[in-house]
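Reminder that position 262 of the sequence shown reads as 262 in our numbering, one-by-one numbering, no gaps.
C-beta atoms are modelled at their ideal positions from N, C-alpha and C, and glycine is treated no differently.
Working notes for the structure below.
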Amino acid sequence: MDRTAIHEVMEQGRVTIAKAGIHARLNARCSVLAAANPVYGRYDQYKTPMENIGLQDSLLSRFDLLFIMLDQMDPEQDREISDHVLRMHRYRAPGEQDGDVMILGSRLCFDPGFSEREMEFTVCGSREKMVSAAFMKKYIHVAKIIKPVLTQESATYIAEEYSRLRSQDSMSSDTARTSPVTARTLETLIRLATAHAKARMSKTVDLQDAEEAVELVQYAYFKKVLEKEKKRKKRSEDESETEDEEEKSQEDQEQKRKRRKTRQPDAKDGDSYDPYDFSDTEEEMPQVHTPKTADSQETKESQKVELSESRLKAFKVALLDVFREAHAQSIGMNRLTESINRDSEEPFSSVEIQAALSKMQDDNQVMVSEGIIFLI
Numbered sequence: 001m002d003r004t005a006i007h008e009v010m011e012q013g014r015v016t017i018a019k020a021g022i023h024a025r026l027n028a029r030c031s032v033l034a035a036a037n038p039v040y041g042r043y044d045q046y047k048t049p050m051e052n053i054g055l056q057d058s059l060l061s062r063f064d065l066l067f068i069m070l071d072q073m074d075p076e077q078d079r080e081i082s083d084h085v086l087r088m089h090r091y092r093a094p095g096e097q098d099g100d101v102m103i104l105g106s107r108l109c110f111d112p113g114f115s116e117r118e119m120e121f122t123v124c125g126s127r128e129k130m131v132s133a134a135f136m137k138k139y140i141h142v143a144k145i146i147k148p149v150l151t152q153e154s155a156t157y158i159a160e161e162y163s164r165l166r167s168q169d170s171m172s173s174d175t176a177r178t179s180p181v182t183a184r185t186l187e188t189l190i191r192l193a194t195a196h197a198k199a200r201m202s203k204t205v206d207l208q209d210a211e212e213a214v215e216l217v218q219y220a221y222f223k224k225v226l227e228k229e230k231k232r233k234k235r236s237e238d239e240s241e242t243e244d245e246e247e248k249s250q251e252d253q254e255q256k257r258k259r260r261k262t263r264q265p266d267a268k269d270g271d272s273y274d275p276y277d278f279s280d281t282e283e284e285m286p287q288v289h290t291p292k293t294a295d296s297q298e299t300k301e302s303q304k305v306e307l308s309e310s311r312l313k314a315f316k317v318a319l320l321d322v323f324r325e326a327h328a329q330s331i332g333m334n335r336l337t338e339s340i341n342r343d344s345e346e347p348f349s350s351v352e353i354q355a356a357l358s359k360m361q362d363d364n365q366v367m368v369s370e371g372i373i374f375l376i
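Laid out in structure tokens, this is it:
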């Protein structure tokens with residue numbers, strides 16, 4: 001199977017045949033309408049649209065428009081879809097079964113159970129204008145005959161918007177677009193503007209047709225979620241700088257702690273040292289260890305008292321957001337403290353973070369080892 005043959009069909013509208021000494025070019029004047037699921041079965045909003053689509057750029061650039069349809073919970077849109085599906089099942093021929101696919105070009109033109117009284121109680125009956133299938137066939141046939149011509153105003157507008165699209169594509173990264181902006185995009189703008197002029201049954205492609213074409217391309221090529229991808233890249237650069245600063249500060253703190261530990265035994269050594277005198281060692285040992293255990297117990301109790309349930313819930317939500325942004329199952333303590341306190345109005349202190357992590361570790365939700373937090 002020659003998969004590259006579809007490239008010529010979609011771009012030039014013809015098929016070249018060279019077989020058994022026969023060389024011919026056949027016209028393929030048809031539109032290609034394709035639908036597919038994402039690569040991972042479900043659209044991953046943390047990945048770029050190009051990674052979710054998973055098609056080659058050579059094939060993807062030959063599509064004029066590409067729409068990413070997500071299952072968003074919108075009451076009005078859900079109501080319209082359900083109303084359309086129910087209408088498709090209501091108005092059927094007498095011999096058809098419920099659930100069968102509606103045949104294109106069905107001759108059923110009226111509802112046998114229709115009455116004028118029911119028309120008054122329809123939801124959108126007064127707002128919508130119903131058009132018959134025969135009228136639509138005539139309308140499409142006449143619209144195809146018209147050959148509109150580009151005006152100078154619309155041509156300059158399309159050229160300016162095309163150059164703007166190219167510059168916007170070069171300024172932004174690959175995460176900001178759903179399909180590559182190539183020279184075929186210029187032909188796409190011309191085709192869309194011409195199609196809009198045909199729909200108006202106009203002999204010229206005016207400025208309003210070009211504006212509608214540019215608006216369609218802007219909506220299909222760029223996604224709203226892409227703004228978050230740009231911010232994350234800027235944040236990652238700031239994170240690398242702040243991590244270096246925090247590592248230096250932690251090293252300074254560790255050196256200060258070591259100096260304090262070394263100074264404590266030197267202050268107590270006032271008399272001469274006797275290696276065979278074991279009477280004072282039993283008294284000195286609890287004096288060295290007891291203040292540390294008492295301090296550790298006091299810090300644990302202070303951590304448990306200071307951290308409330310609301311703060312613990314807020315910490316858990318912020319921790320999950322940090323893991324989602326990192327796309328990893330483990331994260332360092334320095335990056336965690338910075339990411340949690342980045343956009344929060346009430347930042348967490350180091351004592352609160354340690355208390356929350358110890359609480360979550362007791363609940364088998366996370367595991368802390370050597371300054372690295374693992375998500376269980």
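Item to check | beta strand (DSSP E) segment containing Arg25, residue limits | outcome: Ile22 to Asn27
Checklist entry - Assuming Thr182 and Ile68 make a contact with CB atoms under 8 Å, what is their CB distance in whole Å? => result That belief does not hold up - the Cβ atoms of Thr182 and Ile68 are roughly 19 Å apart, past 8 Å.
Checklist entry - Buried or exposed: which applies to Thr185, given that a residue is buried once 16 or more other Cβ atoms fall within 10 Å of its Cβ? => result buried
Item to check | Per-residue burial, Ile340 [other beta carbons within 10 Å of its own, 16 or more giving buried] | outcome: buried
Checklist entry - Going straight from the alpha carbon of Ser170 to that of Pro180, what length do you get? => result Low per-residue confidence applies at Ser170: pLDDT is 46, beneath 50, and the placement is therefore not dependable enough to give any value.
Item to check | Start and end residues, alpha helix (DSSP H) containing Arg42 | outcome: Where Arg42 is concerned, there is no enclosing alpha helix (DSSP H), given that its DSSP letter is neither H nor E.
Checklist entry - On the premise that Ala197 lies in contact with Thr188, defined as a C-beta separation below 8 Å, what is that separation, rounded to the nearest angstrom? => result That pair is no contact at about 15 Å.
Next on the checklist: Rounded to the nearest angstrom, what separates Glu211 and Ala193 at their Cα positions?
Outcome noted: 8 Å
Checklist entry - Do you know how far the Cα of Leu26 is from the Cα of Val32? => result 17 Å
Next on the checklist: Going by beta-carbon coordinates alone, are Ser132 and Asp206 separated by less than 8 Å?
Outcome noted: no
Checklist entry - Is any heavy atom of the ligand ATP found at a distance shorter than 7 Å from the C-beta of Leu33? => result The model on display carries no ligand, and the ligand ATP is accordingly not part of it.
Next on the checklist: Rounding to the nearest angstrom, what Cα-Cα distance links Lys18 and Ala28 in this structure?
Outcome noted: Per the sequence presented here, residue 18 reads as Ala, with Lys not at that position. Approximately 16 Å between the Cα atoms of the pair.
Checklist entry - Over what stretch of residues does the beta strand (DSSP E) that includes Ile17 continue unbroken? => result Arg14 to Lys19
Item to check | For Val379, the residue or residues it bridges with in DSSP | outcome: Limits of the chain in this structure are 1 at one end and 376 at the other, which puts residue 379 out of reach.
Item to check | Distance, Val317 Cα to Met136 Cα | outcome: 54 Å
Checklist entry - Assuming Leu65 and Leu216 make a contact with CB atoms under 8 Å, what is their CB distance in whole Å? => result 6 Å
Checklist entry - So Leu307 and Ala355 are in contact, right, with Cβ under 8 Å, and what is the actual spacing, rounded? => result 4 Å
Checklist entry - Is Phe135 helix, strand or coil by DSSP? => result helix
Checklist entry - Secondary structure at Phe374, three-state DSSP: helix, strand or coil? => result strand
Checklist entry - Mind checking if Ala355 is an interface residue toward chain C, Cβ cutoff 8 Å exclusive? => result Looking at the structure shown, chain C is missing, and only one protein chain is on hand.
Next on the checklist: Using the three-state DSSP reduction, which class does Val317 fall into: helix, strand or coil?
Outcome noted: helix
Item to check | Between the CA atoms of Val15 and Gly21 - distance to the nearest angstrom | outcome: 16 Å
Item to check | Val142 burial status per 10 Å Cβ neighbour count (16 or more: buried) | outcome: exposed
Item to check | Beta-carbon gap between Met360 and Val366 smaller than 8 Å | outcome: yes
Next on the checklist: In this structure, how does DSSP classify Val32 when only helix, strand and coil are distinguished?
Outcome noted: coil
Checklist entry - According to DSSP, what are the bridge partners of Val181? => result Per DSSP, none; premise fails for Val181.
Checklist entry - How is the beta strand (DSSP E) around Met367 delimited, first residue to last? => result Val366 to Ser369
Checklist entry - Looking at the structure shown, is Thr337 part of a helix, part of a strand, or coil, going by DSSP? => result helix
Checklist entry - Between Arg62 and the rest of its own chain, which residues show a CB-CB distance below 6 Å, the 5 nearest in sequence each way excluded? => result Met10 and Glu11
Checklist entry - Where Asp44 and Glu325 are concerned, what is the direct C-alpha to C-alpha distance, given to the nearest angstrom? => result 13 Å
Item to check | Ser154 in three-state terms, based on DSSP | outcome: helix
Item to check | Residue interval of the alpha helix (DSSP H) (run including Ser330) | outcome: Premise fails: Ser330 lies in the beta strand (DSSP E), Ser330 to Gly332, not in any alpha helix (DSSP H).
Next on the checklist: Assuming the contact rule is C-beta atoms closer than 8 Å, Leu357 and Phe323 should be a hit. Round their C-beta distance to whole Å, please.
Outcome noted: The Cβ separation is near 13 Å, so there is no contact.
Next on the checklist: Suppose you measure from the CA of Ala220 to the CA of Leu60; what does that come to, to the nearest Å?
Outcome noted: 13 Å
Checklist entry - For Arg117, is the classification buried or exposed, using 16 other Cβ atoms within 10 angstroms of its Cβ as the cut-off for buried? => result Caution is warranted here: a pLDDT of 49 is assigned to Arg117, below 50, making its placement in the model unreliable, and the coordinate value is therefore given only provisionally. When all chains shown are included, Arg117 counts as exposed.
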